[in-house]
Amino acid sequence: MAFYILRRLLQAIPVLLGATFLIYFMVFAMPGNPALALFGERTPNPAVLAQVEARYHLDQPFIVQYLYYLGNVFRLDFGTSFSGQPIGETLLRTFPVTARLAALAILFEMIIGLAVGLWSGLRKGGVFDSVTLVISLVLISVPIFVLCFLGQFFLGYKLGWFRSTVSAGAPIQDLILPALILAFSLVAFNIRLTRSSVIETAGNDFVRTAYSKGLRRSRVIPVHILRNSLIPVTTNLGADFGILLVGATVTEGIFNVPGVGNTLYKAIVIGERPTVVSFVTVMVLLYLVVNILIDLLYAVLDPRIRYVK
Amino acid sequence: MKFRKLGLGAVALASASVLLLAACSSGDTGATSSSGASGSASYITANGSEPSGPLLTTNINETGGGKVIDNLYAGLIYYDADGAPVNDMAESITTDDNVTFTIKVAEGNTFTNGEDVTAKSFVDAWQYGALLSNAQLNSYFFEPIAGFSYDEDSPLDITIVDDYTFTVVLNAPTADFPLRLGYSAFYPLPSVAYDDIDAYGEAPIGNGPYMLDGDDAWQHDVQITLKKNPDYTGGRAPQNDGLVLKFYASEDSAYSDLLSDNLDVLDVIPSASLTSFESDLGDRAFNQPAAIFQSFTIPSRLPHFSGPEGELRRAAISHAIDRESITKTIFNDTRTPAHDFTSPVIDGYSEDITGSDVLDYDEDLAKSLWAQADAIAPWDGTFEIAYNADSSHKDWVDATANSIKNVLGIDAVGTAVPTFDQFRTEITDRSIQSAFRTGWQADYPGLFNFLGPIYATNAGSNDGDYSNPAFDALLAQGSAAGSVDEANTYFQQAQEILFKDLPAIPLWYATVQGGHSTLVDNVAIDWHSVPLYYQITKK
């Protein structure tokens, strides 16, 4: 087991290096001079421009800039943004906010997805199942920004149940509305997956055996059916968590959440290379870790799965 | 026992996220409690944006940081709602020849750390801002002062006479120099600033109507909280206890906060709500002209656009643009058609300058002027107007190009450049081979600011490389004039030349839209479209 984790972590290193290099290269290849944009519509004097470029190492060739960056990252120094902010601090400030939003959204998604999926799987073809099918089709096809604006307008402004944007410090109560909307945008797939997985498991011989042993439904459904249906659902939830952790840019923008998506979007727009690369690196890292955790979870769900090597 | 293990995966995932929630929320209690304090009854909340860097008076050149700096500091003068200069820290600014200015600083003012505001506070700050190796974005403001150099570090020609008096020598007569002193580049700095200028920029110490509210006043990417500075003696004394500038990622979210009274003052309306904001807000909405001039520049290096042929073609294009209907249909009347090269909010503005009829929409005249130009050298190719696609310019550029195309019967299109920095790069290195959109927002409320930096020979923002000795001479005469009114007559004569040469085609002036919540009163917008926060009162 420990060896397996170690091997997975070692595999992550080349992935990380490759990702930083590619991202750095792509940001570098974006046309235009970020230093020039700092002056707005005004054309700066070349001498002043040269000084500003030198301050941010923008006058160096690509590979020098990259190595300069990489060297600092190994010393856990992510560099500073154009605004003079240490990027390490920005990371520490924004990731907890996004993590909180993601965790809340996943919690909602899991509760709704499992409950609704299990129910419609057990009552296949019933009224509830059909209604759920229609609703999840609608949820899948509506773009998330529409859900966001609808939620913000009706629940936030008209009814006043939630604040229409997230206030400073991003307290949990302000995050409920954006998290619910994120959950709704993801839950439809989760419901379908749980449903089909439950249907498949329920048709197995061991379920029939359990019933013939005289076990009650209240025992067969959770222990025999639900648990054995969870592997694909867990994989999906894990992938969703990874996606949410790396930032829900649209939702964060509309609800003004000071999280990862918002910060990264702004950095891309102004061509702030160190910020973009640092954020993406941490995102890749998080995604890898979440994936390893999900793989380990399989063994818990299904004792037949063992990680030996 | 088996029951406990059931669905362990799901339970593990759930408990993991709950733990994560708990961990994250406990780490942030400090931030939430401080926001609670700033939300107290008589603090005003307004929209802002994260400053582009440390809050240094000579380096902040964008509105996000500008809003904070203008409220933290008091300069020699400030501009009232109409843009008229009023002494703030200055007792007097005098000159005999528009070259040597004697500035007396009023006694008895302090920075919020107790240090006196003296002549030295100003002079050191200006010397710092102007020095080449400090690479300050606002250094160009010190260009007119003798000693300023882009080639080497050289001190400005400023002499401290006594504790509260200093003299400034300029390179050339500049009548409107005192008018410029209200811009943030000319604010004073306390002596502690130079110990570690970047650290100082994170927690600046000012002398203005407001001061930072505690150590964590600036929550990056979230908000800045300012409180009233009780020691400020100037004319901008706050009528509220403090000001919270909240940073929004999108205008839409700021607008929905305004509607639900979570935000007191908003000085921008998202384009989706432009048609409805006046009915949404009623008398809490405002819509007034701004000191922003928009145009497109036709560089003289383009073929067909120089000499007598170019003059005819430029006038034809100007006559071919239906400014009235574009401002109405594309901008919902949030722009007003231009009548000159400046802005209606600036002192000295006139809509009847000789030659300004070249801005009238006149299809027949446009066609005949174009035909006359064709007689000199026949037109070929496409007329292009370049714009940056990362901002909402596409609609009006396309509409303008269509107007030209329909009237003149030539190919005219808008050309998108993906990003603003690429757009500026192509303009600056002169590689752009078409007309391009240009805009100008005034730094200080004077006509010269709309003319000198853009159209004077070799001026910093003369992106079209326009040069006309007669125009330069009139600018110089205006700058040497004895009074602002006299100067303005010269500047208007200078504009007559621009109307003939049309280095840029004037399009329209921007207006500013916004509104306030039901919780505040006395909201007014100043000449450069920023709310006068100090006047606002909480109900």
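Protein chains in written order, with the numbering used here: chain A, 1 to 309; chain B, 310 to 848.
Note that CB positions come from ideal geometry on N, CA and C, so glycine has one too.
Could one say the Cβ of residue i lies closer than 8 Å to chain A's Cβ atoms, at least one of them?
i	result
Phe729 (chain B)	yes
Thr427 (chain B)	no
Gln266 (chain B)	Chain B is shown only over 310 to 848; residue 266 (chain B) falls outside these bounds and no answer can be derived.
Gln532 (chain B)	yes
Gly362 (chain B)	yes
Gln528 (chain B)	yes
Gly336 (chain B)	Summary for Gly336 (chain B): the model assigns pLDDT 38, below 50, so the residue's position carries little reliability; its value from the coordinates is reported in the next sentence. Closer than 8 Å to some Cβ of chain A, the Cβ of Gly336 (chain B) qualifies, so yes.
Ala558 (chain B)	yes
Ser326 (chain B)	With a pLDDT of only 44 at Ser326 (chain B), under 50, the local geometry of the prediction cannot be trusted, and the value read off the model is given with reservation. Closer than 8 Å to some Cβ of chain A, the Cβ of Ser326 (chain B) qualifies, so yes.
Thr827 (chain B)	no
Thr846 (chain B)	no
Asn920 (chain B)	Examination of residue 920 (chain B) is not possible in this model, given that chain B is present from 310 through 848 alone.
Thr734 (chain B)	yes
Tyr459 (chain B)	yes
Gly823 (chain B)	no
Leu446 (chain B)	yes
Have a look at residue i and residue j and give me their C-alpha separation to the nearest angstrom.
i	j	result
Ser609 (chain B)	Thr411 (chain B)	42 Å
Asp689 (chain B)	Thr724 (chain B)	18 Å
Ile845 (chain B)	Gly392 (chain B)	18 Å
Phe759 (chain B)	Thr663 (chain B)	18 Å
Pro547 (chain B)	Gly242 (chain A)	48 Å
Ala833 (chain B)	Asp566 (chain B)	20 Å
Asp129 (chain A)	Gly121 (chain A)	7 Å
Ser430 (chain B)	Gly791 (chain B)	29 Å
Leu230 (chain A)	Ile294 (chain A)	12 Å
Leu180 (chain A)	Asp720 (chain B)	51 Å
Shortest alpha-carbon distance to residue i belongs to which of the options?
i	options	result
Asn797 (chain B)	B:Lys809, B:Leu783 and B:Ile806	B:Leu783
Lys536 (chain B)	B:Ile736, B:Tyr352 and B:Thr737	B:Tyr352
Phe189 (chain A)	A:Gly88, A:Thr234 and A:Ile13	A:Thr234
Asp240 (chain A)	A:Tyr287, A:Ile176 and A:Val220	A:Tyr287
Phe451 (chain B)	B:Asp460, B:Leu479 and B:Asp425	B:Leu479
Lys124 (chain A)	A:Asn45, A:Tyr4 and A:Ser197	A:Ser197
Ile106 (chain A)	A:Gln152, A:Ala248, A:Ala183 and A:Ala54	A:Ala183
Arg644 (chain B)	B:Gly748, B:Gly551 and B:Ala744	B:Gly748
Asp59 (chain A)	A:Thr43, A:Asn72, A:Leu70 and A:Leu36	A:Leu36
Ser770 (chain B)	A:Tyr4, A:Met1, A:Pro46 and A:Phe28	A:Pro46
Glu200 (chain A)	A:Ser278, A:Ile221, A:Leu237 and A:Val289	A:Ile221
Ala267 (chain A)	A:Phe279, A:His224 and A:Val257	A:Phe279
Ser743 (chain B)	B:Gly761, B:Ile694 and B:Asn777	B:Ile694
Leu38 (chain A)	B:Ala355, B:Asn356, B:Gly357 and B:Gly373	B:Gly373
Ser665 (chain B)	B:Lys676, B:Ser677 and B:His648	B:His648
Leu10 (chain A)	A:Leu296, A:Leu285 and A:Ala299	A:Leu285
Val821 (chain B)	B:Pro579, B:Asp738, B:Ile741 and B:Pro598	B:Pro598
Gly357 (chain B)	B:Lys676, B:Asn767, B:Ala803 and B:Val577	B:Val577
Val839 (chain B)	B:Leu364, B:Glu371 and B:Phe745	B:Glu371
At least one CB of chain B closer than 8 Å to the CB of residue i: is that the case?
i	result
Gln85 (chain A)	yes
Gly253 (chain A)	yes
Arg55 (chain A)	yes
Leu38 (chain A)	yes
Arg93 (chain A)	yes
Ala271 (chain A)	For the sequence presented, residue 271 (chain A) should be read as Gly rather than Ala. Yes, because at least one Cβ of chain B sits closer than 8 Å to the Cβ of Gly271 (chain A).
Thr165 (chain A)	yes
Thr263 (chain A)	yes
Gln51 (chain A)	yes
Spatial neighbours of residue i within its chain, please: C-beta separation below 8 Å, excluding the five flanking residues on both sides.
i	result
Ala428 (chain B)	Ile412, Val414, Ile469, Val470, Asp471, Asp472, Tyr473, Thr474 and Phe475
Arg623 (chain B)	Ile607, Phe614, Asp810, Leu811 and Ile814
Asn641 (chain B)	Leu583 and Thr584
Tyr387 (chain B)	Pro394, Val395, Asp397, Gly491, Gly543, Gly544 and Arg545
Gly238 (chain A)	Val290, Asn291, Leu293, Ile294 and Leu297
Whose C-beta lies closer than 6 Å to the C-beta of residue i among residues of the same chain, with five residues either side of it excluded?
i	result
Gly787 (chain B)	Ala796, Tyr799 and Phe800
Ala594 (chain B)	Phe586, Glu587 and Gly824
Run through chain D and tell me which residues come within less than 9 Å of residue i, C-beta to C-beta.
i	result
Tyr449 (chain B)	Absent from the structure: chain D. Protein chains present are A and B.
Beta-carbon within less than 7 Å of residue i's beta-carbon, same chain only, minus the 5 sequence neighbours each way: which residues are those?
i	result
Asn777 (chain B)	Ile806 and Asp810
Arg192 (chain A)	Ser136
Thr766 (chain B)	Ser776 and Asp781
Quick check: the segment 650 to 666 of chain B against the segment 697 to 706 of chain B, are there 3 or more CB pairs under 8 Å? no
May I ask you to verify whether the segment 49 to 65 of chain A touches the segment 752 to 763 of chain B, counting CB pairs closer than 8 Å and requiring at least 3? no
Please determine if the segment 64 to 71 of chain A and the segment 253 to 262 of chain A are in contact, where contact requires at least 3 C-beta pairs separated by less than 8 Å. no
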